[in-house]
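Sequence order for the protein chains is A and B.
Using the working numbering, you'd call the opening residue of the first sequence number 1 and step up by one each time.
Using the working numbering, you'd call the opening residue of the second sequence number 1 and step up by one each time.
Every residue gets a Cβ at the ideal spot worked out from N, C-alpha and C, and that includes glycine.
Below: one structure, written as structure tokens.
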Amino acid sequence: MRYLIKTTMALQELSRALAPNATVAEAGPAVRLAAGYFLDVDVTPSVPNSATADLPALLGGIDGIDEVIPVPDAEPGSP
Amino acid sequence: MAPMDETSLNFGVDKEATAVLLEFLPAQAAIVPASLAFTEERMQRLQEKCKLTPLRQPPVEAKATVASARSEKLPRRQFLEVESGDRRSLATILKEIEKEFAEEILTALPVPPSIPAIAPAAAAASGPALPTPDFHGYQGYSGPAPHGIGFSAVAHLPGADGQGVTVIDLEGGWVLSHEALAAVQFNLWSGEPSTLSGWKEHGTAVGSLLFAERDGAGISGLAAGARGALASIYSGSPKRQQVAQQIDACRDLLNAGDVLLLEVQRPGPATEFQSSPQQTGYLPTSFWPDVKESIRDCIAKGICVVEVAGNGGVDLDDPELQGAFSQEGSTVTTLGPEDSGSIMVGAGHAPWRGDQARSPLSFSNYGARLDCQGWGEGVICAGYGEIWGSPGGDNSYTGNFYGTSSAAPMIAAAVAVVQSRHIHKFGQPASPLLVRQAFASFGSAQPTQAADDSGDDDRVRHIGPLPDLVAIFNALNLF
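Below is the structure:
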């Protein structure tokens, strides 16, 4: 899942914090917004459907992360 | 030809087209009583449903008229006008007719002005493509208020066609070779197009509403005088969505007075950000802070951003959204901290819905944040191939483009018209926030009364008025 993560951590730090439960990769360039600094990342659980695959819980438990916003794929505005 | 927003419609009957059964938009559909088995009793029954009038002489080999058909049979080929005897929509009438006369009715062929009825799919399958009919008569959204936005009422004014303004359609993909996009000046100005058919049909529909040439074939783009451009939300290698970054790229390409149309939405927290076929819970992308900030940067540069409100049926004032769409602190000259500054467009019922016209469609997001509405159903435009051509083709057309996606291009085009006229008259564009205020204030109001005292009625959901360019031009001293 892709996330905007408000944090003071660098990508490498986040990667270390998530190991071994999940891996992280850059989805887009990090952005500095009025609301803070955000990493734009893909987070993938190491073992899907396991107890450690609950990414919001996983990310929420890491010190240094202030906000986690899922970024689903955009779709056309016609149902 | 009677426009789509009235209760009459011309149609043709062609028994030779029986191999084609098209699912037209009900309001644009027509019956084809091609069977020779129509009895007097059945014909009378049909005529109780609607008024039928011959439009022209039948072919030599079938001189029967509707009147004679009462006592004999329907002719082999007959052109008729269907007219509702009351205010019921054609869709309702045609559904009734289709159901009751299933044995006699074979197919339906709308007759655009000045051409004979021809089966689109049959045409596509046989040799060279036939010339596309002129569907302009069905573009009721361009007509005068209260049914339309009033493009036709200001078109005579110098500059009031988008001239000198650039409009970008930012979304996923297009059928770039489509005839309705031939006038686009900047194909893929930024980004890489999606190859998914859903995106391509969608983009073609939107692009045609904005940019299609006024050449007597297909539809006429509402901002045909503007410089048209397409930009994709996809970029990079591997290719993936970069919505905020692509808005930034568009901002760099555009100038004050130009228009950026944002035609994308995303699943929101109501569905735990998971996609769903019905798009329940979908939100405008300005919910996400990076997109919002990119839009704000456009506004700061003087670029008007028109954004779909989304089809999630969501109240954007819901506290669960934590004020993401709050306009607190915004004025006509300043932006509050949570306000993207975009013109947010909801989907309203089309005029043929009677007293439901301009009330929100059930799927449209709503709330104080919405500025205005456009037609959210039954929009005729390029793409999809439901009434002409075939899906993915270069001459495909639909009569049922819908959603906030069909609503927003109308508004983007209207904004381009306002800005081009403003530049022509005053030498500079109006500020995006002033334009937004005008579009939210001057138009045909949505119905606000609930059908009963319960308050449980879609009509009480705020999406804003259907803008009226005449009223806006008056307000901004553009006449």
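Would residue i and residue j qualify as a contact pair, given that the criterion is a beta-carbon distance under 8 Å?
i, j, result
"P76 (chain A)", "V291 (chain B)", "no"
"T280 (chain B)", "T271 (chain B)", "yes"
"L33 (chain A)", "V43 (chain A)", "no"
"A309 (chain B)", "V345 (chain B)", "yes"
"A413 (chain B)", "L210 (chain B)", "yes"
"G268 (chain B)", "V306 (chain B)", "no"
"A244 (chain B)", "F287 (chain B)", "no"
"A416 (chain B)", "G162 (chain B)", "yes"
"R421 (chain B)", "A155 (chain B)", "no"
"P319 (chain B)", "G329 (chain B)", "no"
"G228 (chain B)", "A183 (chain B)", "yes"
"L260 (chain B)", "I168 (chain B)", "yes"
"G392 (chain B)", "I380 (chain B)", "no"
Output yes if chain A places a C-beta closer than 8 Å to the C-beta of residue i; else output no.
i, result
"V32 (chain B)", "The predicted position of V32 (chain B) is uncertain, since its pLDDT is 40 and thus under 50; a value taken from the coordinates is nonetheless stated next. No, its Cβ sits nowhere closer than 8 Å to a Cβ of chain A."
"I233 (chain B)", "yes"
"T172 (chain B)", "The identity of residue 172 (chain B) in the sequence shown is Gly, whereas the question assumes Thr. It does: the Cβ of G172 (chain B) has a partner Cβ on chain A nearer than 8 Å."
"S275 (chain B)", "yes"
"F479 (chain B)", "no"
"N311 (chain B)", "yes"
"F401 (chain B)", "yes"
"D290 (chain B)", "yes"
"S405 (chain B)", "yes"
"H202 (chain B)", "yes"
"V305 (chain B)", "no"
"E192 (chain B)", "no"
"G198 (chain B)", "yes"
"R251 (chain B)", "no"
"A350 (chain B)", "no"
"E293 (chain B)", "yes"
"V243 (chain B)", "yes"
When you compare the CB of residue i with every CB in chain B, is at least one pair closer than 8 Å?
i, result
"I5 (chain A)", "no"
"D54 (chain A)", "no"
"T44 (chain A)", "no"
"L59 (chain A)", "no"
"P48 (chain A)", "no"
"V71 (chain A)", "yes"
"A34 (chain A)", "yes"
"G64 (chain A)", "no"
"V41 (chain A)", "no"
"S78 (chain A)", "yes"
"E75 (chain A)", "yes"
"V24 (chain A)", "no"
"V31 (chain A)", "yes"
Considering only the alpha carbon of each residue, which of the options lies closest to residue i?
i, options, result
"A231 (chain B)", "B:D248, B:M344, B:H178", "B:D248"
"L370 (chain B)", "B:S390, B:A440, B:T398, B:A414", "B:A440"
"F38 (chain A)", "A:S46, A:M1, A:P72, A:M9", "A:M9"
"D258 (chain B)", "B:L130, B:E41, B:V418", "B:V418"
"P131 (chain B)", "B:T166, B:T204, B:G203, B:D394", "B:D394"
"A187 (chain B)", "B:W174, B:L196, B:E338, B:S197", "Here the sequence assigns Asn to residue 187 (chain B), which means Ala is not the residue at that position. Nearest C-alpha to N187 (chain B): B:W174."
"I233 (chain B)", "B:S276, B:A183, B:A212, B:L170", "B:L170"
"E67 (chain A)", "B:P289, B:G162, B:S237", "B:P289"
"W375 (chain B)", "B:D252, B:A347, B:G367", "B:A347"
"I295 (chain B)", "B:T195, B:S142, B:S342", "B:S342"
"G354 (chain B)", "B:Q246, B:Q185, B:L253, B:Q446", "B:Q446"
"G427 (chain B)", "B:Q44, B:P158, B:S142", "B:P158"
"G164 (chain B)", "B:A226, B:M410, B:A430, B:V470", "B:A226"
"E201 (chain B)", "B:P238, B:L434, B:F401", "B:F401"
"E193 (chain B)", "B:Q185, B:A471, B:L176, B:K301", "The question names Glu, but residue 193 (chain B) is Pro in the sequence shown. That would be B:L176, whose Cα lies nearest to the Cα of P193 (chain B)."
"S197 (chain B)", "B:S190, B:E179, B:K239, B:G172", "B:G172"
"T23 (chain A)", "A:Q12, A:P29, A:A51", "A:Q12"
"D317 (chain B)", "B:K239, B:D339, B:A300, B:L335", "B:D339"
"A19 (chain A)", "A:D40, A:P72, A:D73, A:A53", "A:A53"
Note the first and the last residue of the continuous alpha helix (DSSP H) segment covering residue i.
i, result
"M410 (chain B)", "404-426"
"S396 (chain B)", "Counting along the chain, S396 (chain B) falls outside any alpha helix (DSSP H), and DSSP gives it neither H nor E."
"W388 (chain B)", "Careful: W388 (chain B) lies outside any alpha helix (DSSP H) and carries neither H nor E."
"E13 (chain A)", "11-18"
Assuming residue i is part of the beta strand (DSSP E), what are its boundary residues?
i, result
"R296 (chain B)", "That residue, R296 (chain B), is in no beta strand (DSSP E); its alpha helix (DSSP H) goes 289-300."
"L261 (chain B)", "259-262"
"L4 (chain A)", "2-7"
"Q437 (chain B)", "Unbroken run through Q437 (chain B) is the alpha helix (DSSP H), 432-441; no beta strand (DSSP E)."
"F38 (chain A)", "36-45"
"I69 (chain A)", "65-70"
"T195 (chain B)", "Taken as a continuous stretch (DSSP letters only), T195 (chain B) belongs to no beta strand (DSSP E), as it is neither H nor E."
Next on the checklist: Closer than 8 Å is the cut-off here; do at least three beta carbon pairs connect the stretch 141-160 of chain B with the stretch 461-473 of chain B?
Outcome noted: As far as the Cβ criterion goes, the stretch 141-160 of chain B touches the stretch 461-473 of chain B, which means the pair count is three or higher.
Next on the checklist: With a threshold of 8 Å, are at least 3 pairs of Cβ atoms found where one atom belongs to the stretch 305-325 of chain B and the other to the stretch 350-363 of chain B?
Outcome noted: yes
Item to check | the stretch 218-232 of chain B / the stretch 151-166 of chain B touching (three or more Cβ pairs under 8 Å) | outcome: yes
Item to check | Three or more C-beta pairs below 8 Å linking the stretch 57-74 of chain A and the stretch 383-398 of chain B | outcome: no
Checklist entry - Taking one C-beta from the stretch 399-415 of chain B and one from the stretch 191-205 of chain B each time, how about it: are there three or more such pairs within less than 8 Å? => result Taking 8 Å as the limit for Cβ pairs, the verdict is that the stretch 191-205 of chain B does touch the stretch 399-415 of chain B.
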